[in-house]
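Enquirer: Line order of the protein sequences matches chains A and B. Here the first sequence stands for residues 173 to 742, where the numbers follow the numbering used here. Here the second sequence stands for residues 71 to 357, where the numbers follow the numbering used here. All C-beta atoms in this analysis are idealised placements derived from N, C-alpha and C, irrespective of residue type, glycine included. This is the structure I want to talk about, given as structure tokens.
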Amino acid sequence: MTDKRLIVEGLSIEFAGRSVVRNVSFTLEPGKTLALVGESGSGKSVTARSLIGLAGAGAHVTARTLSYGGLDLLSLSERRWRAVRGKGIGFVLQDALVSLDPLRPVGKEILEVLQTHGWGDRRSRAAKVVELLDLVGVPEPELRARQRPDQLSGGLRQRALIASALALSPGLVIADEPTTALDATVQAQILNVLQDIKARGDSLLIISHDLAVVAQLADEVLVLRHGEVIEQGPMEQVLRHPSHPYTRSLLDAVPAEHARGTRLSPERKAAAPHPRANADAPVLLQAKELGKRYVGPDQQSRQVVDGVGFELRAGRTLGIVGESGSGKTTVARMVLGLLEPDAGEVRFLDRAWAGADGLRVAEKDRRIYRRDISVIYQDPLSSFDPRWSVGQILADALDVAGVGATEQPQRIARLLDQVRLPAELASRRPLQLSGGQRQRVAIARAIASNPKVIICDEPVSALDVSVQAQVLDLLADLQAELGLAYLFISHDLGVIRHVSDEVLVMRHGKVVETAPVETLFQNPQYEYTRRLLGAVPRLPGAGITLVVPPLEAENAVLLFDESRLWKIAI
Amino acid sequence: MSELTLDASQLNVRAQRKPRSLRLGVWLAGTFLLLLIVAALAPQLFAHSDPLAIVPRDAFHAPGWGHWFGTDQSGRDIFSRVIYGTRQSLLIGLAATALAMGIAIVLGLTGGLGGRRTDRGVGWVLEILFAFPSLVLALLFVAIFGSGIGPLIIATGLGSAPGYARMVRGQVLAVRNSGYIEAARALGHPPLRIIGRQLLPNAMRPLIVTLTMGVGQAIVWASALSFLGLGAPPPAPEWGTMLSMGRDFVANAWWLTFFPGLFIVLTTLSTTVVGRYLQQRLEGRLS
Numbered sequence: 173m174t175d176k177r178l179i180v181e182g183l184s185i186e187f188a189g190r191s192v193v194r195n196v197s198f199t200l201e202p203g204k205t206l207a208l209v210g211e212s213g214s215g216k217s218v219t220a221r222s223l224i225g226l227a228g229a230g231a232h233v234t235a236r237t238l239s240y241g242g243l244d245l246l247s248l249s250e251r252r253w254r255a256v257r258g259k260g261i262g263f264v265l266q267d268a269l270v271s272l273d274p275l276r277p278v279g280k281e282i283l284e285v286l287q288t289h290g291w292g293d294r295r296s297r298a299a300k301v302v303e304l305l306d307l308v309g310v311p312e313p314e315l316r317a318r319q320r321p322d323q324l325s326g327g328l329r330q331r332a333l334i335a336s337a338l339a340l341s342p343g344l345v346i347a348d349e350p351t352t353a354l355d356a357t358v359q360a361q362i363l364n365v366l367q368d369i370k371a372r373g374d375s376l377l378i379i380s381h382d383l384a385v386v387a388q389l390a391d392e393v394l395v396l397r398h399g400e401v402i403e404q405g406p407m408e409q410v411l412r413h414p415s416h417p418y419t420r421s422l423l424d425a426v427p428a429e430h431a432r433g434t435r436l437s438p439e440r441k442a443a444a445p446h447p448r449a450n451a452d453a454p455v456l457l458q459a460k461e462l463g464k465r466y467v468g469p470d471q472q473s474r475q476v477v478d479g480v481g482f483e484l485r486a487g488r489t490l491g492i493v494g495e496s497g498s499g500k501t502t503v504a505r506m507v508l509g510l511l512e513p514d515a516g517e518v519r520f521l522d523r524a525w526a527g528a529d530g531l532r533v534a535e536k537d538r539r540i541y542r543r544d545i546s547v548i549y550q551d552p553l554s555s556f557d558p559r560w561s562v563g564q565i566l567a568d569a570l571d572v573a574g575v576g577a578t579e580q581p582q583r584i585a586r587l588l589d590q591v592r593l594p595a596e597l598a599s600r601r602p603l604q605l606s607g608g609q610r611q612r613v614a615i616a617r618a619i620a621s622n623p624k625v626i627i628c629d630e631p632v633s634a635l636d637v638s639v640q641a642q643v644l645d646l647l648a649d650l651q652a653e654l655g656l657a658y659l660f661i662s663h664d665l666g667v668i669r670h671v672s673d674e675v676l677v678m679r680h681g682k683v684v685e686t687a688p689v690e691t692l693f694q695n696p697q698y699e700y701t702r703r704l705l706g707a708v709p710r711l712p713g714a715g716i717t718l719v720v721p722p723l724e725a726e727n728a729v730l731l732f733d734e735s736r737l738w739k740i741a742i
Numbered sequence: 071m072s073e074l075t076l077d078a079s080q081l082n083v084r085a086q087r088k089p090r091s092l093r094l095g096v097w098l099a100g101t102f103l104l105l106l107i108v109a110a111l112a113p114q115l116f117a118h119s120d121p122l123a124i125v126p127r128d129a130f131h132a133p134g135w136g137h138w139f140g141t142d143q144s145g146r147d148i149f150s151r152v153i154y155g156t157r158q159s160l161l162i163g164l165a166a167t168a169l170a171m172g173i174a175i176v177l178g179l180t181g182g183l184g185g186r187r188t189d190r191g192v193g194w195v196l197e198i199l200f201a202f203p204s205l206v207l208a209l210l211f212v213a214i215f216g217s218g219i220g221p222l223i224i225a226t227g228l229g230s231a232p233g234y235a236r237m238v239r240g241q242v243l244a245v246r247n248s249g250y251i252e253a254a255r256a257l258g259h260p261p262l263r264i265i266g267r268q269l270l271p272n273a274m275r276p277l278i279v280t281l282t283m284g285v286g287q288a289i290v291w292a293s294a295l296s297f298l299g300l301g302a303p304p305p306a307p308e309w310g311t312m313l314s315m316g317r318d319f320v321a322n323a324w325w326l327t328f329f330p331g332l333f334i335v336l337t338t339l340s341t342t343v344v345g346r347y348l349q350q351r352l353e354g355r356l357s
């Protein structure tokens, strides 16, 4: 085991006769990082899993060579595999909340890895757990080791998971989308931890759909599509001079690198940029000194939103950016009139819309104007009635707009056409659609009543980069066609930069900074904004900047969960 | 993780995972339930002799060609009695479940849709109902109304109502806080339309399964009460009553208790198997 090289030659994986990965070959030298890049379904995860013998039930794995450190991985028995996993190869899964046992302190989780492989004695193991947590940058490791996953924030959970993968100092660490669910600043911290692994001379295999993340780490990049390698080479070469059009389109889809108004998806690239609405267009939506308090599980009341104010003008886009828990979604719900503010007021179309105390507006009075404001959620699936087909979902929205039953089939076909979906989809259920198609249906529903304003709450956060590009292009087209104003909420600064005219940065419920988008990105006034901007991974050429913010925000235990605020009263 | 599930659905693993034996079981259970329903509606199709006719010289016939399930101490044909008993047992099972569901929907909706205080009040009512042993409840009803099918249905229905009510309440709360109800509010639908078109149908969907299984459970309950002499009085052809009547002869004439017992078991088993199947189908479509 002196030469810790991972050699994969002609790897193919089949499920029940269906080939999902074909003829993948690469060599990973010690101390190097290889990135597997591709969209969901490209076979990158299953490739990585086959390297630890967990390709899944019914998987048929074949390869000319599949060896690590001279050990032939193909011939291993399940028993021998168990010795290799953890000790020789560490694996970091994407979603730490799902991968960690919810009932066990994270320290125990790491301890178990040590125990299973018979590492040290009881006392040295306990010390090692603390040492490992410290190694991956977990503050107060003794305390954190005793906490359960739900008491830790997303970033800390992910670190704990990485710590358990590193427990036995494996020579190779495989990380499957290790930062996908995380905020920009937390993502930057995790990337730093991964970089440390590299610096220690271990090999790293990283799986991601995000080229900007890959650019931070990889020495070599392998682009997968439909189970086949379409491009492979050193990182700089692949990202700067991609030879395959698909790689090119993946690069084009990164929103931060492209100016407002330009198209992201390859098929729409030639279109001219849309003209922007004037900054002095009439104000449609106005929030003044909005505030919301919430009593947490510890009976302490917390100011979730504090003194937030903004104006949204016709045809313009106002971006709201901030980390999870910064109060973005709470603002959206108050603006939609679904949550009563404790302070301040919202005015919509120059009418009182929602407010605290004396400014309170009854839902009954709001209802008739609801057709003028719609919403698109991050997870469209949960916003659709599970019993309904796409047609029924749209018909329900058309009812509100006062479109009669006879006219509805025509209108549904037109709506689907507007969001570039085939009319046949009307009879399908959302469950049978892809993520991008679902979000298009949600957009069709949002425009059904001819609204003036659409609240977009993280509408592309759950999508792959290239699908995200298509949805962002669609939103831009619709804005130009229908003169829509967007209140666009996202934690992704790249997306915010691409879509917004003005940006509002939120932190701990307060507005940190408001500015026109280019002013904000070129000359951020406040420390927090600068830090947030610095944490965004960029492609090479855009200048690799990786500023790692201090851990202060991470020290706070996640005390309340914004989603619990979603309790509503009909 | 998500990728793996995507792969699985693409490859239609769900269809492969279902073992053939399960399908066969569902078929058998479904057929049995269908036959039971036919027997309940038209028992004369299956049994040709009168379930109450006494033929003293035929007493204690072992199962054989003349009497498939044998005869009891008065020479009544057990097969006919079991078949004629189907109507009563099914009626009790269905009526008791319907009653339980009715109470459950009222209580569960009130709790789930009402304010915090209403919800707490409903919670108290449920807890009181839970705390009462259903047997004591049944005795109470028999003491007031006398024994018979009516009190039996009420007792069984009341006994199982709090369980259902909790489920309805939970479902209503879950659906009420779901994304699509919020989306419907954001669209501007009035509350009554949301309750009628989305909240109720979605909250009740998973209960179909529970109801199917509940019918079988109610039959067992009612039989138990009859066995204790709280239900239909002998010599009524009711499965529980028959068990109770055969109890004294269980050592030398096993068939008196065996066949009614077998039917109770088969009925419950069938409703459970069919219920499970429905559950899998519904959940498969939901998740």
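1. Please report the straight-line C-alpha distance between residue 560 of chain A and residue 448 of chain A, rounded to a whole angstrom.
2. Using DSSP with H/G/I as helix, E/B as strand and the rest coil, what is residue 249 of chain B?
3. Thinking C-beta only, is residue 266 of chain A closer than 8 angstroms to residue 357 of chain A?
4. Hey, residue 316 of chain A and residue 365 of chain A: beta-carbon distance below 8 angstroms or not?
5. Any Cβ of chain B within less than 8 angstroms of the Cβ of residue 650 of chain A?
6. CB residue 642 of chain A to CB residue 380 of chain A, shorter than 8 angstroms?
7. Which residues in chain A sit within 7 angstroms of residue 259 of chain B, going by Cβ to Cβ distance?
8. Considering only the beta carbon of each residue, do residue 163 of chain B and residue 335 of chain B sit closer than 8 angstroms?
9. Closer than 6 angstroms by C-beta to residue 681 of chain A: which residues in its own chain qualify, once you throw out the five before and the five after it? Chain order, please.
10. Could you check whether the Cβ of residue 558 of chain A sits closer than 8 angstroms to any Cβ belonging to chain B?
11. Compile a chain-ordered list of the residues in the stretch 522-543 of chain A whose CB is closer than 7 angstroms to at least one CB of chain B.
12. Assess contact between the stretch 275-292 of chain B and the stretch 112-123 of chain B, defined as three or more Cβ pairs (one per stretch) separated by less than 8 angstroms. Is contact present?
13. If you draw a straight line from the C-alpha of residue 108 of chain B to the C-alpha of residue 329 of chain B, how long is it?
14. For residue 682 of chain A, which beta-bridge partners are listed by DSSP?
15. List, in order along the chain, the chain A residues whose C-beta lies closer than 8 angstroms to that of residue 150 of chain B?
16. Mind listing which residues of the stretch 208-224 of chain B have their C-beta closer than 8 angstroms to chain A's C-betas, in chain order?
17. So which of A:502, A:473, A:466 and A:452 has the shortest CA-CA distance to residue 489 of chain A?
18. If you follow the alpha helix (DSSP H) that residue 578 of chain A is part of, which residue opens it and which one closes it?
19. State the DSSP-derived secondary structure class of residue 294 of chain B, mapped to helix, strand or coil.
20. Any idea which residues DSSP pairs residue 196 of chain A with across the strands?
21. Since residue 347 of chain A is in the alpha helix (DSSP H), which residue starts that stretch and which ends it?
22. Using a Cβ-Cβ cut-off of less than 9 angstroms, list which residues of the stretch 691-702 of chain A approach chain B; keep chain order.
23. If you check the beta carbons only, do residue 310 of chain B and residue 316 of chain B fall under 8 angstroms apart?
24. Would you check if the stretch 577-589 of chain A and the stretch 610-622 of chain A touch, i.e. whether three or more CB-CB distances between them fall below 8 angstroms?
25. Would you give the residue range spanned by the alpha helix (DSSP H) that residue 164 of chain B belongs to?
26. Which residue wins for smallest C-alpha separation from residue 301 of chain A, given the options A:336, A:323, A:327 and A:274?
27. Compute the beta-carbon to beta-carbon distance between residue 404 of chain A and residue 394 of chain A, rounded to the nearest angstrom, for a pair I have assumed lies under 8 angstroms.
28. Strictly under 8 angstroms for the Cβ-Cβ distance: is residue 224 of chain A near chain B by that measure?
29. In the DSSP output, which residue or residues are listed as bridge partners for residue 492 of chain A?
30. Please check if any C-beta of chain B sits within less than 8 angstroms of the C-beta of residue 549 of chain A.
31. Under 8 angstroms, with one C-beta from each stretch per pair, do the stretch 630-648 of chain A and the stretch 608-615 of chain A reach the 3-pair mark?
32. Could you name the residues of chain B that residue 546 of chain A contacts, counting a contact when the two beta carbons are closer than 9 angstroms?
33. Whole angstroms are fine: how far does the CA of residue 235 of chain A sit from the CA of residue 548 of chain A?
34. Under 8 angstroms, do residue 145 of chain B and residue 124 of chain B count as touching if we go by C-beta distance?
35. Skipping 5 residues on each side, what residues in its chain have a beta carbon closer than 6 angstroms to that of residue 655 of chain A?
36. Strictly under 8 angstroms for the Cβ-Cβ distance: is residue 244 of chain B near chain C by that measure?
Expert: Walking through what the data contain:
1. 37 angstroms
2. helix
3. no
4. no
5. Chain B contact via Cβ: absent.
6. It is not a contact, given that the beta carbons lie outside the stated cut-off.
7. 572
8. no
9. 475, 476, 477, 478 and 499
10. Chain B places a beta carbon closer than 8 angstroms to that of residue 558 of chain A, counting this residue as a contact.
11. 539, 542 and 543
12. no
13. 19 angstroms
14. A:679
15. Those within 8 angstroms of residue 150 of chain B in chain A number zero; the least Cβ separation is about 45 angstroms.
16. none
17. A:452
18. Note, residue 578 of chain A: premise wrong, no alpha helix (DSSP H); not H, not E.
19. helix
20. A:183
21. No alpha helix (DSSP H) contains residue 347 of chain A, which is instead part of the beta strand (DSSP E) from 344-348.
22. none
23. no
24. yes
25. Unbroken alpha helix (DSSP H) run through residue 164 of chain B: 148-183.
26. Among A:336, A:323, A:327 and A:274, the Cα nearest to that of residue 301 of chain A is on A:336.
27. 5 angstroms
28. no
29. Looking at the DSSP assignment, residue 492 of chain A forms a beta bridge with A:661 and A:676.
30. Chain B, which has a Cβ nearer than 8 angstroms to the Cβ of residue 549 of chain A, makes this yes.
31. yes
32. Ordered by position in chain B, the residues that pass the 9 angstroms Cβ test against residue 546 of chain A are 256 and 257.
33. Using only the alpha carbons, I get a separation of about 45 angstroms.
34. yes
35. Result list for residue 655 of chain A: 487, in chain order.
36. Included in the structure are the protein chains A and B, with no chain C among them.
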